[in-house]
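Reviewing the structure listed below.
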Amino acid sequence: MPDFREIISQQRVFLIIFGVFFVALGVLLMCFDKAELHLMLSSNHNAFFDVFFKHYTGLCQWAPYVVGVLLVLYRYSASLLILLSQAIEAVMIYVAKQIYHAPRPVKWFAENMPEVQLTLVEGVKAHSQFSFPSGHSAAFFAFFFSLSVLTSNRWLQALYCCLAILGCYSRIYLSQHFAVDIWAGSLIGVVSVMLMLIWKFPMRIEPLNQKLKIRKD
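Right, dumping it as structure tokens:
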């Protein structure tokens, strides 16, 4: 039965990639103001990525719940990890948004730099309020970190982290959030899973790929 430290050690691939992403984005946030950084990261659009990010950004709104419910039929603890980590990050995000009331890029640029025309994607509603922190980014990281905990395959752990980062970037690409919003949201997502692991570590969390391993003899 692995304890919390063992689980975190097993997740070093995911956490190293997340750490590089988190530190690198933090450095960019210190080097550029939020408007300049947003324009750097969101200005280059093409038809393929417009369609891709338009649909991919919504993945975190349904996939965790579909996977979580399906896992109830297979293993309750895995389902609990996914669903409750989503609940934890949602509460943390809600409280933070109510505290900061930060304007989203469309509203911020309209009020502070009206001469700038953001590149928007057709069919995506541009929200104006509650920018900080990014709830989608938190949900992406909570979901994919939960999936990563359920596997000991390092390539899958790396893939899951990259998919979470891609989800975060979709929020900038669509001008729904500033970089600082996804920076904070990603951390909240990771922390929400860690809180679940601290609470759950006396329970058995066995990697799914080990439980499903097919005998070769």
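Note that the numbering used here gives residue 115 to position 115 of the sequence shown, counting from 1, and the numbers run on in steps of one. Cβ coordinates follow ideal geometry from the N, Cα and C atoms, glycine included.
- Of all alpha-carbon atoms in L174, L197 and L187, the one lying nearest the alpha-carbon of V51 is that of L174.
- The stretch 84–92 and the stretch 188–200 touch, with no fewer than 3 CB-CB distances between them shorter than 8 Å.
- Per DSSP, the unbroken alpha helix (DSSP H) holding Y76 starts and ends at Y76 to Y100.
- Burial state of V69 is exposed, judged by a 10 Å Cβ sphere holding fewer than 16 other Cβ atoms.
- Sorting R171, S77, F145 and G135 by C-alpha distance to the C-alpha of L15 places F145 at the top.
- In the DSSP assignment, M40 falls within the alpha helix (DSSP H) that extends over K34 to S42.
- When the Cα atoms are used, F132 and A179 turn out to be separated by approximately 10 Å.
- Excluding its 5 nearest sequence neighbours in each direction, L28 has C-beta neighbours in its own chain below 7 Å: L37 and A179, listed in chain order.
- The residue among F141, T119, C162 and F143 with its C-alpha nearest the C-alpha of L39 is T119.
- Residue range P105 to N112 is occupied by the alpha helix (DSSP H) that includes W108.
- For the 9 Å CB-CB criterion, A138 and A78 do not form a contact.
- One thing to note: A142 has its Cβ within 9 Å of the Cβ of P64.
- Per the Cβ contact rule, the stretch 149–164 is in contact with the stretch 7–14 (3 or more Cβ pairs under 8 Å).
- Counting only residues of its own chain and dropping the five nearest sequence neighbours on each side, L187 has no CB closer than 6 Å to any other CB.
- In this structure I93 touches G135 by the C-beta definition: roughly 4 Å separates them, less than 8 Å.
- Counting every other CB atom within 10 Å of its CB across the protein chains shown gives F18 a total of 16 or more, marking it as buried.
- Per the coordinates, the alpha-carbon of N112 lies some 10 Å from the alpha-carbon of V106.
- Collapsing the DSSP output to three states places G123 in coil.
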